[in-house]
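Novice:
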Amino acid sequence: MTPSDADELRARNRAVVEAFFSSNLDNPEERIALWHPDGVKELPFAPRELPKTRWEGRDEIVANTVNNAGMFANCVHQDLEIFACEDPSLFFVTSRMVPEATFLGEPYPQSFVHLLRVEDGRIILQREYFDSGILADAERAARAKGRTPTV
Numbered sequence: 001m002t003p004s005d006a007d008e009l010r011a012r013n014r015a016v017v018e019a020f021f022s023s024n025l026d027n028p029e030e031r032i033a034l035w036h037p038d039g040v041k042e043l044p045f046a047p048r049e050l051p052k053t054r055w056e057g058r059d060e061i062v063a064n065t066v067n068n069a070g071m072f073a074n075c076v077h078q079d080l081e082i083f084a085c086e087d088p089s090l091f092f093v094t095s096r097m098v099p100e101a102t103f104l105g106e107p108y109p110q111s112f113v114h115l116l117r118v119e120d121g122r123i124i125l126q127r128e129y130f131d132s133g134i135l136a137d138a139e140r141a142a143r144a145k146g147r148t149p150t151v
């Protein structure tokens with residue numbers, strides 16, 4: 001691959017990453033459409049209590065996205081910074097939730113580092129790193145009020 005080919009591919013892949021983060025979780029189909037059929041989502045530093053931290057393939061990704069839409073509200077990423085890697089398919093992204101973001105009705109002031117890989121114009125890998133204590137605190141507060149996460 002020539003340097004100009006790599007630059008063109010990187011630009012196309014970056015547009016996919018930008019679309020992924022501008023998609024609206026209130027309309028899960030927007031984000032689902034950007035996933036590769038063989039996509040994988042991982043939460044390497046998620047709280048131990050989470051029943052699942054890895055989703056593989058379209059069916060699992062769809063189920064996770066729809067479940068998240070039911071648990072998170074105003075899940076909008078702000079202060080997005082996208083860092084391209086030498087590999088034109090790989091990107092690191094930092095972001096944080098808008099102040100109105102909630103998890104099961106509780107405030108969710110989360111910040112993230114994401115690793116994304118794009119293949120054939122779709123996300124094939126998302127690794128999401130975040131402060132698991134913030135998620136655990138929101139879940140604990142929600143459970144105390146009788147609200148529990150979906151699986």
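Under UniProt numbering, the final residue of the sequence shown carries the number 151; numbering is consecutive throughout. A virtual CB, placed ideally from N, CA and C, is assigned to each residue, including glycine.
Would you identify the three-state DSSP class for A46, choosing helix, strand or coil?
Specialist: If DSSP states are grouped into helix, strand and coil, A46 belongs with coil.
Novice: Starting from the Cα of E8, find the closest Cα among K145, E86 and L125 and give me that residue.
Specialist: If we check each option's Cα against that of E8, E86 comes out closest.
Novice: Which term fits T150, buried or exposed, when burial requires 16 or more other beta carbons within 10 angstroms of its beta carbon?
Specialist: Result: exposed.
Novice: Considering D79, what are the terminal residues of the alpha helix (DSSP H) in which it resides?
Specialist: Run containing D79: none in the alpha helix (DSSP H); it sits in the beta strand (DSSP E), H77 to A84.
Novice: Between which two residues does the alpha helix (DSSP H) containing M71 stretch?
Specialist: Counting along the chain, the alpha helix (DSSP H) containing M71 begins and ends at G57 to M71.
Novice: Go ahead and pull the three-state DSSP assignment for S132.
Specialist: Residue state, collapsed to three classes: helix.
Novice: Using 8 Å as the cut-off, can you tell me whether the segment 43 to 55 makes contact with the segment 12 to 19, which would need three or more C-beta pairs spanning the two stretches below that distance?
Specialist: Flag = no, the segment 43 to 55 and the segment 12 to 19 do not touch.
Novice: Terminal residues of the continuous alpha helix (DSSP H) containing residue 188?
Specialist: No statement about residue 188 is possible, as the shown extent of the chain runs from 1 to 151 and does not include it.
Novice: For E100 and I134, I'd like the C-alpha separation in whole angstroms.
Specialist: Taking the straight line from one Cα to the other gives about 15 Å.
Novice: Which value, in whole angstroms, describes the spacing of the CA atoms of F92 and E60?
Specialist: For F92 and E60, the distance between alpha carbons rounds to 23 Å.
Novice: Identify whether R117 lies in helix, strand or coil by the three-state DSSP scheme.
Specialist: In the structure shown, R117 sits in a strand (DSSP, three-state: E or B).
Novice: For the beta strand (DSSP E) containing R96, name the first residue and the last one.
Specialist: R96 -> beta strand (DSSP E) spans L90 to M97.
Novice: Do A138 and E106 come within 8 Å of each other at the CB atom, strictly closer than that value?
Specialist: For E106 and A138, yes; Cβs fall inside 8 Å.
Novice: Could you name the residues of the same chain whose beta carbon sits closer than 6 Å to that of R58, not counting the 5 residues immediately before and after it, in chain order?
Specialist: Result list for R58: P37, in chain order.
Novice: Answer yes if the segment 66 to 83 comes into contact with the segment 117 to 126, meaning at least three C-beta pairs across the two stretches below 8 Å, and no otherwise.
Specialist: With the cut-off at 8 Å, the segment 117 to 126 and the segment 66 to 83 do not touch.
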